[in-house]
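For the sequence shown, the residue numbers in the numbering used here are 1 to 251. Report on the following structure.
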Amino acid sequence: IGARNRSSLGSDDIRLLVNTGTHIAVAIENAQLHQKVRAAAAIEERERIAREMHDGVAQVLSYINVKTQAVKSFLDSGHLDATRAQLQELEDTCQEAYADVRESILGLRLATANTALVPALKEFISHFLQTSDLEVTLETDEDNPPALSPAHEGQIIRIVQEGLTNIRKHAVAKRAWVRLATTGNLFEVTITDNGKGFDASHLPKGEWPQFGLRTMKERAECINGTLDVVSAPGQGTKVELKVPVSGGVGL
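This is the structure in structure tokens:
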């Protein structure tokens, strides 16, 4: 609506202009808020990745440094058998670190791609099996799972990636299962293994489940979900993620 002068506008025209302007202002404000939320989420994700690198990569580098000093000491004293043993441990650590980095990079790439959840998980598991002796089965009772937002799917992919990485490194398991299902208004992701399990109530500070599960719980909270762990020595571990959905869309 336009006019050369205000007097040519009637009261209905003015009311329409005011209402239109109000709607436009609200739309602009919502867009700005959405951008701020996305920026805050990106910052939070970068901080989380930085913590993971500090707690993971930094520990590996520290371990390698200690082992290198030990190798030098054994070489200087002529203990060749001990030197070989230390070098073997270094080789094993480097191979494990390489697998960790590959899995993290793949998980991050799939989490930020426009690939649907089930195909993304299938791709990740396919690559995961190339560097692991663990047998992994993806189970889903739905050909078309709920339409989750990209942010929800991204965090779910990262949770599965971190869960399988933890199993490979620490569970001493031969098999693992990833199951997707919808129960009522909850989308559920269950990661189960047949490994050695652990007693979380008597876990020494710094042991792997505290760090790995803490990161996974943070990701679950980012999408208004919950993450529960059931484990016992000799009975494997089950990690269950529950994400609320409404009308098939993640809240």
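The beta-carbon is built from N, C-alpha and C at its ideal position, and this holds for glycine as well.
DSSP state of residue i, grouped into three classes?
i, result
"residue 233", "coil"
"residue 198", "coil"
"residue 238", "strand"
"residue 167", "helix"
"residue 157", "helix"
"residue 172", "coil"
"residue 28", "helix"
"residue 223", "coil"
What distance in whole Å lies between the Cβ atoms of residue j and residue i, which are believed to be in contact at a cut-off of 8 Å?
i, j, result
"residue 88", "residue 71", "Incorrect: roughly 11 Å between the Cβ atoms, too far for contact."
"residue 94", "residue 155", "The Cβ separation is near 30 Å, so there is no contact."
"residue 246", "residue 185", "6 Å"
"residue 135", "residue 175", "5 Å"
"residue 107", "residue 158", "5 Å"
"residue 128", "residue 162", "Residue 128 to residue 162, Cβ: 12 Å. No contact."
"residue 234", "residue 197", "6 Å"
"residue 237", "residue 195", "7 Å"
"residue 253", "residue 178", "Within the shown structure, residues of the chain are numbered from 1 to 251, placing residue 253 beyond reach of any answer."
Expressed to the nearest angstrom, what Euclidean distance is found between the alpha-carbon atoms of residue i and residue j?
i, j, result
"residue 258", "residue 98", "Residue 258 falls outside the range modelled here, since the chain spans only 1 to 251, and no answer is possible."
"residue 188", "residue 241", "6 Å"
"residue 16", "residue 29", "20 Å"
"residue 14", "residue 26", "18 Å"
"residue 121", "residue 90", "31 Å"
"residue 182", "residue 148", "12 Å"
"residue 63", "residue 23", "59 Å"
"residue 153", "residue 220", "11 Å"
"residue 151", "residue 115", "12 Å"
"residue 160", "residue 69", "36 Å"
"residue 259", "residue 171", "The question about residue 259 has no answer, for the chain in this structure spans 1 to 251."
"residue 208", "residue 77", "Bear in mind that the predicted position of residue 208 carries a pLDDT of just 48, short of 50, making it too unreliable to give a figure here."
"residue 101", "residue 65", "19 Å"
"residue 105", "residue 60", "17 Å"
"residue 20", "residue 35", "23 Å"
"residue 244", "residue 119", "21 Å"
"residue 255", "residue 83", "One cannot answer for residue 255 here, as it falls past the ends of the chain, which runs 1 to 251."
Is it buried or exposed for residue i, if we count other Cβ within 10 angstroms and need 16 for buried?
i, result
"residue 173", "buried"
"residue 166", "buried"
"residue 146", "buried"
"residue 180", "buried"
"residue 31", "exposed"
"residue 58", "exposed"
"residue 252", "The requested residue 252 is not part of the displayed model; the chain covers only 1 to 251."
"residue 75", "exposed"
"residue 33", "exposed"
"residue 239", "buried"
"residue 141", "exposed"
Does the beta carbon of residue i fall short of 7 Å from some heavy atom of the ligand ZN?
i, result
"residue 71", "Among the components modelled here there is no ligand, and therefore nothing to report on the ligand ZN."
>> Could you tell me which whole beta strand (DSSP E) segments of length 3 or greater appear in the segment 98-149?
In response: Taking only runs of at least 3 residues, the beta strand (DSSP E) segments lying wholly in the segment 98-149 are 135-140.
> Considering only residues of the segment 53-100, which uninterrupted alpha helix (DSSP H) runs meet the minimum length of 4 residues and lie entirely inside it, listed in chain order?
Replying inline: Fully enclosed alpha helix (DSSP H) runs of 4 or longer: 57-76.
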